[in-house]
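Worksheet: one structure, shown below.
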Amino acid sequence: MAERAALITGASSGIGLAIAEMLGEEGYALTVAARRPDKLEAAADGLRAKGYEVQHIAGNLGDEETIKGVVAQHEAAYGRLDVLVNNAGVGIGELVGDLTTKKVDIQLNTNLRAIFLFYREAATLLKAAGAEHRNALVVNTSSISGKVGEGWLSVYSATKHGVVGFTQAMNKELANDGIKSTALCPGFVDTPMTEFVKEHVPAETMITPQDIAESVRYLLKTSAGCVVPEIQFLQPGGGLLPNAG
Ligand SMILES: NC(=O)c1ccc[n+]([C@@H]2O[C@H](COP(=O)([O-])OP(=O)(O)OC[C@H]3O[C@@H](n4cnc5c(N)ncnc54)[C@H](OP(=O)(O)O)[C@@H]3O)[C@@H](O)[C@H]2O)c1
């Protein structure tokens, strides 16, 4: 059985892949999950090439059965879960008068409902790790849009506010189980998700995925008595979208 194991969603690119690389470096056996199979397989192969133990599972994490399957396959492979990273997410800009129900549902299910269901499905494994070392960790990728609502990205902002609130609730509910939760709240990060804005906000001025991964490395090393409920990452001067509409 692996000495320590981590499950990272949305790990085929950007922030999730950087966190997976860091966790591999730190000696964790990894399950990486994301939607598109080819992209995920390429990312997983890259991690294996660095010598890390990796299983990859492709699927739509907006789907409950997929989430159940990911956690079950993680348990079957490694038998333990010390770090869960709920990072998969999608942002779809629309003005409120034009909201498309399907796009609302995709964002709610991927960014928010999936996190609730991952906690539920992983609770037994996380509690076992917490009982062993009092330092099980769940990292939930929110956004700076989870702290300040943004026009045009209103549904995305609402889901990310939900992530911050749920993280706070988990820190109360799981306080005696040795499970700590942290919401990550970045502004613009240089990943595929921000391609749409790079014409106006140059990639080289953005936060890097490695900035985020290094913050998670820090979280791994905090003592059992130290909970970090959230971390904000800003570009100098702020870096939010101007309100659309
Ligand atoms: N980049 C930023 O400026 C920024 C700022 C604040 C917060 N965030 C948050 O950071 C997280 C990671 O985003 P990123 O910037 O690293 O973008 P990214 O490179 O596009 O990564 C998004 C990841 O989520 C996966 N994903 C999306 N929908 C999914 C679904 N339904 N089922 C399974 N996997 C799904 C993607 O897989 P596929 O590519 O196969 O869909 C990909 O692995 C997201 O939660 C995002 O909201 C990003």
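Numbering that gives the first Met the number 0 puts the sequence shown at residues 0 to 244. Here a beta-carbon is modelled for each residue, glycine too, at the ideal position from N, C-alpha and C. Every value quoted in this text rests on a predicted model; they were computed, and no experiment measured them.
| query | Under a Cβ-count criterion, where at least 16 other Cβ atoms within 10 Å of its own Cβ denotes burial, should Val-95 be classed as buried or exposed? | reply | exposed
| message | Check for me: the alpha helix (DSSP H) holding Glu-229 runs from which residue to which? | response | Counting along the chain, Glu-229 falls outside any alpha helix (DSSP H), though it belongs to the beta strand (DSSP E) covering 229–232.
| Any idea if Thr-190 is buried or exposed, counting beta-carbon neighbours within 10 angstroms, 16 or more meaning buried? | buried
| query | Is it a yes or a no for the region 8–27 touching the region 211–219, going by three-plus beta-carbon pairs under 8 Å? | reply | yes
| said: Pairs of beta-carbons, one from the region 131–148 and one from the region 218–235, closer than 8 Å: are there three or more? | reply: Contact holds between the region 131–148 and the region 218–235, because three or more Cβ pairs, one in each stretch, are under 8 Å apart.
| query | For Tyr-77, which residues of its own chain have a beta-carbon under 6 Å away from its beta-carbon, when the five flanking residues on both sides are left out? | reply | Ala-1, Ala-4, Ala-28
| said: For ligand 1, I want to know if Arg-79 counts as a neighbour, meaning its beta carbon is within less than 7 Å of at least one of the ligand's heavy atoms. | reply: Result no, Cβ not under 7 Å from ligand 1.
| query | What do you reckon, is the C-beta of Thr-190 under 7 Å from a heavy atom of ligand 1? | reply | Within the cutoff, so yes.
| query | For Thr-181, which beta-bridge partners are listed by DSSP? | reply | Val-138
| Is any heavy atom in ligand 3 found nearer than 7 Å to the beta carbon of Thr-193? | With respect to ligand 3, the structure offers nothing, as its ligand set consists of ligand 1.
| Burial state of Ala-243, where buried means 16 or more other Cβ atoms lie within 10 Å | The predicted position of Ala-243 is uncertain, since its pLDDT is 42 and thus under 50; a value taken from the coordinates is nonetheless stated next. Looking at its Cβ environment, which holds fewer than 16 other Cβ atoms inside 10 Å, Ala-243 is exposed.
| task | Rounded to whole angstroms, what's the CA-CA distance from Asp-176 to Leu-16? Just pull it up for me. | result | 28 Å
| said: On a Cα-Cα basis, can you pick out the residue from Gln-234, Val-89, Ile-14, Lys-171 that is closest to Pro-201? | reply: Gln-234
| field | Residues that DSSP places opposite His-199 in a beta bridge | value | Note: His-199 sits in no beta bridge, so no partner.
| query | Going by beta carbon distance, what residues of the same chain come within less than 6 Å of Val-138, once the five residues before and after it are set aside? | reply | Correct list, in chain order: Val-84, Thr-181, Val-215.
| Range of the contiguous alpha helix (DSSP H) that encloses Val-103 | 100–107
| field | Which of helix, strand or coil DSSP assigns to Val-95 | value | helix
| request: Quick one: using the 10 Å Cβ neighbour count with 16 as the cut-off for buried, is Gly-145 buried or exposed? | output: buried
| query | Mind checking whether Ser-12 and Lys-49 have CB atoms under 8 Å apart? | reply | No. Outside cutoff.
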